[in-house]
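In the working numbering, the protein residues as written are 31 to 263.
Heads up, the thing below is written out as structure tokens.
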């Protein structure tokens, strides 16, 4: 199934080497601010991520801290399949599983497509300091341009932040911070531990059971929720 994008060098090297490549990219910084065009029109206030309204957020976590199951979501803001899932399926998962307290979601951003992903990932993690991580990720997907076209710029991030009520200046200030760098490194390391080979990838855990990748055959809401319901039985 064409549901994901392979990690850098995934077909040629093992998970440890993949993580090393990603960590090198993280250490290089957040990418350029070159101009790029978007294939999705800029959103308006009516297009805000309203499905997240009233759902608790804390940093990278969406949903109640006491939820009995955790779904870790590996994404790249440039990944078109991540966009399809986030805009088409995530609202249903939030309504059916997160809001009722059955599941919480944890965001893990990793670079898959190219260096420009770093700028988006840093902004998304920085938005977590305002408990707006999931909102900003949604807003960037709504503005997603062609892969590796340089569409993730300071201006696009600022526009996306404003559309979800986040403080753009604070996001820009925090994006290059050691704390965000640590989050990116930890996401890359965990991706290796979870044997992530592409995005989006979903890892489900119900303590005390070990985490397991959620096996899905398609990313539409009906198929995804069917797989999730089976895994949660």
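Quick reminder that beta carbons are idealized off the backbone N, C-alpha and C, glycines included.
None of these values were measured; they are calculated from a predicted model.
Residues bridged to residue 234 [DSSP beta-bridge criterion]: Taking the chain shown and counting its residues from 1, one reaches residue 234 at position 204. In DSSP, residue 234 forms a bridge with 101, 242.
8 Å Cβ cutoff met for residue 229 and residue 106: For the purposes of this step, residue 229 is taken as the residue at position 199 of the chain shown. For the purposes of this step, residue 106 is taken as the residue at position 76 of the chain shown. The criterion of a C-beta distance shorter than 8 Å is satisfied by residue 229 and residue 106.
Residue nearest to residue 80 in terms of C-alpha spacing, selected from 169, 90, 136: Translated into the one-based positions of the chain shown, residue 80 becomes position 50. The shortest CA-to-CA distance from residue 80 to any of 169, 90, 136 is the one to 169.
At least 3 beta-carbon pairs within less than 8 Å: the region 241 to 259 vs the region 177 to 185: Segment contact: the region 241 to 259 against the region 177 to 185, fewer than three CB-CB distances shorter than 8 Å; contact not assigned.
Under the three-state DSSP convention, the category residue 139 falls into: The count along the chain shown starts at 1 and reaches residue 139 at position 109. Looking at residue 139 - three-state DSSP - the assignment turns out to be strand.
Helix, strand or coil at residue 262 according to DSSP, with G and I counted as helix: Locating residue 262 in the chain shown gives position 232, where the first residue counts as 1. Residue 262: coil per DSSP, three-state reduction.
CA nearest to the CA of residue 133, picked from 173, 101, 86: Sequence index remark: in the chain shown, residue 133 carries index 103 (1-based). Comparing Cα positions, the closest option is 101.
Buried versus exposed, by CB contacts within 10 Å (16 or more), residue 74: As a first step, residue 74 must be located in the chain shown, where it is residue number 44. Unreliable placement is indicated for residue 74, whose pLDDT of 41 sits below 50; no coordinate value is reported for it.
Among 115, 122, 123, 141, nearest to residue 221 - alpha-carbon criterion: Along the chain shown, one-based indexing puts residue 221 at 191. The option with the nearest alpha carbon to residue 221 is 141.
Own chain, CB closer than 6 Å to residue 159, minus 5 neighbours either side, in chain order: Within the chain shown, numbered from 1, the residue matching residue 159 stands at position 129. These residues qualify, in order along the chain: 204.
Environment of residue 212 [buried if 16+ CB atoms lie within 10 Å]: The count along the chain shown starts at 1 and reaches residue 212 at position 182. The residue in question, residue 212, is exposed, as its Cβ has fewer than 16 Cβ neighbours within 10 Å.
Span separating the alpha-carbon of residue 172 from that of residue 208: In the chain shown, residue 172 corresponds to position 142, counting from 1. In the chain shown, residue 208 corresponds to position 178, counting from 1. Using only the alpha carbons, I get a separation of about 28 Å.
8 Å contact criterion, which residue 235 and residue 164 should meet: CB distance rounded: The residue you call residue 235 lines up with position 205 of the chain shown. The residue you call residue 164 lines up with position 134 of the chain shown. Contact between residue 235 and residue 164 fails: their C-beta atoms lie close to 19 Å from each other, not under 8 Å.
Cβ neighbour criterion (16 or more within 10 Å) applied to residue 193: Taking the first residue of the chain shown as 1, we reach residue 193 at position 163. Flag for residue 193 reads buried.
Option nearest residue 150 by Cα separation, candidates 244, 233, 247, 166: If you number the chain shown from 1, residue 150 lands on position 120. Per the Cα distances, 166.
Residue 244 vs residue 232 beta-carbon contact at 8 Å: Here the question's residue 244 lines up with position 214 in the chain shown. Here the question's residue 232 lines up with position 202 in the chain shown. Contact flag set, yes.
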